Amino acid sequence: MFKFSYIECSIGLFIYFGGVMNNNCVVVLTARGKTRILKEGGSQSWRLNAHNAGKCDYLVCVQNRKQSWGEPEADHHTAFLVGKISSISQSQEEDADGRWIINISEYADISIPNMWDGNRNPVSYSSLEEMNIDLNELKFTKLNEDNSSKTLDKISIPEAKRLLANYFDVPQENISITINM
Numbered sequence: 055m056f057k058f059s060y061i062e063c064s065i066g067l068f069i070y071f072g073g074v075m076n077n078n079c080v081v082v083l084t085a086r087g088k089t090r091i092l093k094e095g096g097s098q099s100w101r102l103n104a105h106n107a108g109k110c111d112y113l114v115c116v117q118n119r120k121q122s123w124g125e126p127e128a129d130h131h132t133a134f135l136v137g138k139i140s141s142i143s144q145s146q147e148e149d150a151d152g153r154w155i156i157n158i159s160e161y162a163d164i165s166i167p168n169m170w171d172g173n174r175n176p177v178s179y180s181s182l183e184e185m186n187i188d189l190n191e192l193k194f195t196k197l198n199e200d201n202s203s204k205t206l207d208k209i210s211i212p213e214a215k216r217l218l219a220n221y222f223d224v225p226q227e228n229i230s231i232t233i234n235m
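All residue numbers for the sequence shown refer to the working numbering, where the first residue is 55 and numbers rise by one.
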């Protein structure tokens, strides 16, 4: 099975790359609860390397109850959701420059206590196996298309270059964009 990811822009720019499906996951310690994550179409506003996160097939959300603004629902440090990553895109939240949303297409409910290792960074990388999550035991539910995150209405060429450079972890001068009309 192959994975295809992309970045969407209003100028019609889609970048696809394929790879063999794996059980690698982005693990986030989030104040947002399940309801809010599903409403937003994924987990945001993360400072992360979008290229590295894009190599993962799954998102694992661990609840952080030290903050209440995100409407937390699970117990503190409990892994409560596994999502199938559909794309990584720039967060559309206010004041979220340089932050990303990990968009998901499907999710499975889990409840595994004590899943945060105390890492000060709220974003880490692991595998489902390392977290003792059996993929065969998960029952995934598709997200409604209406819940997916908004795409950018307009984007400038310099902004597109900046986003692509950040996503692929290369200098901006290595990005060239051609528009055929």
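In this text, a Cβ means the ideal position worked out from N, Cα and C, and glycines have one as well. Owing to the predicted nature of the structure, the values given are computational and were not obtained by experimental measurement.
For residue i, which of the options has the nearest alpha-carbon?
| i | options | result |
| --- | --- | --- |
| V82 | M185, Y179, N76 | Y179 |
| W154 | S99, P126, E127 | S99 |
| A162 | I91, A150, G152 | I91 |
| Y112 | Q121, F194, R101, E147 | F194 |
| Q121 | G87, V136, L192 | G87 |
| T89 | A107, D149, N198, M185 | N198 |
| C110 | I187, S141, R101 | S141 |
If you run the structure through DSSP and keep just helix, strand and coil, what is residue i?
| i | result |
| --- | --- |
| L217 | helix |
| A128 | coil |
| L83 | strand |
| E160 | strand |
| L192 | coil |
| K93 | helix |
| Q226 | helix |
| K88 | helix |
| A150 | coil |
| I209 | coil |
| N106 | helix |
| K120 | coil |
| N78 | strand |
| L182 | coil |
| G172 | coil |
| W166 | Here residue 166 turns out to be Ile, not Trp, going by the sequence shown. Here I166 sits in strand by DSSP. |
Which value, in whole angstroms, describes the spacing of the CA atoms of residue i and residue j?
| i | j | result |
| --- | --- | --- |
| S145 | C79 | 19 Å |
| A85 | M235 | 45 Å |
| I229 | E213 | 11 Å |
| L189 | D151 | 34 Å |
| F222 | A104 | 7 Å |
| N173 | W123 | 21 Å |
| V177 | L192 | 22 Å |
| S181 | V224 | 25 Å |
| I187 | R101 | 25 Å |
| A128 | D149 | 27 Å |
Please list, in chain order, all residues of the same chain as residue i whose beta carbon is under 6 Å from its beta carbon, the five residues on each side excluded.
| i | result |
| --- | --- |
| A133 | V114, V116, I164, I166, M169 |
| E160 | K138, F194, K196 |
| R119 | P126, H130 |
| A107 | V80, I142 |
Once you ignore the five residues that flank residue i on each side, which residues in its own chain have a CB closer than 7 Å to its CB?
| i | result |
| --- | --- |
| S203 | At S203, the pLDDT of 46 sits below 50, so the modelled position is not reliable; the number obtained from the coordinates is stated separately. Excluding residues within five positions, the ones whose Cβ falls inside 7 Å are E94, G95, G96, S143, Q146, I155, N157. |
| Q226 | K215, R216, A219 |
Considering only residues of the same chain and omitting the five flanking positions on each side of residue i, which have a CB-CB separation below 8 Å?
| i | result |
| --- | --- |
| I211 | I231 |
| D200 | Annotation note: pLDDT 49 at D200 (below 50); position unreliable, coordinate value reported separately. Taken in chain order, the list of residues that qualify is empty. |
| L135 | K88, I91, L113, V114, C115, Y161, A162, D163, I164 |
| E183 | N77 |
| N175 | none |
| M185 | C79, V81, V114, A133, I166, M169 |
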